[in-house]
Amino acid sequence: FRNSRPCLECQPSTEYCTAGATLNFNRYVTRLTIADIDNSSSGSGYSDFTSVTTELVRGSTYTVDVEVGGINSSATVGGLWIDRTGDNDFEDAFETIADEGDFNGVAPYSTTFTVTGYPLGPTRLRVRVQDGSQAPIALACGTTQRGEVEDYTVIVVDPPMGACCFPEGCFQDDENGCGVVGGTFLGVAVLCSECALACPTDIDGDGSTAFTDLTALLAAWGPCGICPEDIDNDNSVAFSDLTLLLANWGPY
């Protein structure tokens with residue numbers, strides 16, 4: 002006989018754990034900044050600022066700054082969490098952005114993180130400060146006697162896309178991705194049709210066919226697969242490519 006009841010412990014939480022402090026006047030967050038959020042506040046034990054939002058772009062690195070009011074002393078500790086997996090808790094790997102080892106002593110505090118592995122869409126950011134002499138470990142959940150917890154919403158988005166041009170074609174990519182594969186990024190929201198404006202003999206993409214392009218072509222002389230020096234796309238860098246380059250010498 003198998004118990005058919007669902008495993009409640011296995012189900013993802015539908016609500017975030019409660020957190021706060023009873024003596025909010027003791028020490029509290031007075032200002033938090035990250036990306037487009039620059040929020041000033043006074044102590045209230047727990048502050049729900051989930052209506053205060055900002056976008057975070059995948060692959061980008063951000064700095065979070067936290068200022069503290071009340072008794073801003075060497076005994077103050079804090080922490081910062083982001084629900085990286087979107088499962089309504091702060092218990093998964095890499096969801097602790099800063100802990101009492103990072104946020105301790107007299108504020109302000111600052112930490113940086115990179116948006117990697119985050120699902121697209123809104124998720125929760127939580128910050129906490131507390132009296133470390135009474136509660137030396139900063140936890141994302143629970144109530145302390147002295148301190149404050151604040152919650153915010155961050156919205157994870159993909160990098161802005163645009164035309165990534167090559168002599169042999171174009172595809173839509175973000176600026177970093179285009180650079181990794183050696184393309185020329187024409188700008189956010191630019192369509193691939195604009196790649197026709199680029200000159201295939203401008204191998205280094207500096208707006209002119211010149212000696213740097215000639216040097217690159219000669220260095221790649223011979224058979225090649227897909228390479229920018231193969232101007233006529235015949236899988237070989239040869240005299241026909243040299244002729245095209247010399248015919249387009251100068252700015253375009």
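Sequential numbering from 2 applies to the sequence shown in the working numbering. Glycine residues also receive a C-beta, built at the ideal position from the N, C-alpha and C atoms.
Any idea if E16 is buried or exposed, counting beta-carbon neighbours within 10 angstroms, 16 or more meaning buried? exposed
Burial state of D203 (16 or more Cβ within 10 Å): buried
How far does the alpha helix (DSSP H) with V181 in it extend, from its first residue to its last? Where V181 is concerned, the enclosing alpha helix (DSSP H) starts and stops at E176 to V181.
Just how far apart, CA to CA, sit T244 and T112? 55 Å
At the level of alpha carbons, what is the spacing between G60 and F240? 42 Å
If contact is defined by three or more beta carbon pairs under 8 Å, each pair taking one atom from either stretch, is the stretch 89 to 108 in contact with the stretch 143 to 151? no
Going by beta carbon distance, what residues of the same chain come within less than 6 Å of C196, once the five residues before and after it are set aside? A164, C166 and C171
V128 burial status per 10 Å Cβ neighbour count (16 or more: buried): buried
Top-ranked residue by Cα proximity to I38, from D66, D132 and R28: Answer by Cα proximity: D66.
The beta strand (DSSP E) that contains L33, what's its start and end? R28 to I35
Within the stretch 178 to 246, ranges of the alpha helix (DSSP H) (whole runs, at least 4 residues): 212 to 220
Are the Cβ atoms of T54 and V155 separated by less than 8 Å? yes
Taking all protein chains shown into account, do 16 or more other C-beta atoms lie within 10 angstroms of the C-beta of Q135, making it buried, or fewer, making it exposed? exposed
Could you check what DSSP says for A164 in three-state terms: helix, strand or coil? In the structure shown, the three-state DSSP call for A164 is strand.
Could you check what DSSP says for A22 in three-state terms: helix, strand or coil? strand
Rounded to whole angstroms, what's the CA-CA distance from P109 to V30? Just pull it up for me. 10 Å
Given I138, which residues of its chain have a CB within under 7 Å of its CB, disregarding the five upstream and five downstream residues? Within the same chain, I138 has close Cβ partners E101.
State the beta-bridge partners of N40 as determined by DSSP. L33
Check the C-beta distance from G44 over to G80 and give it rounded, since I have them as a contact under 8 Å. The pair is not a contact, with the Cβ atoms about 17 Å apart (cut-off 8 Å).
Roughly how many angstroms lie between the CA atoms of P252 and V58, to the nearest whole one? 35 Å
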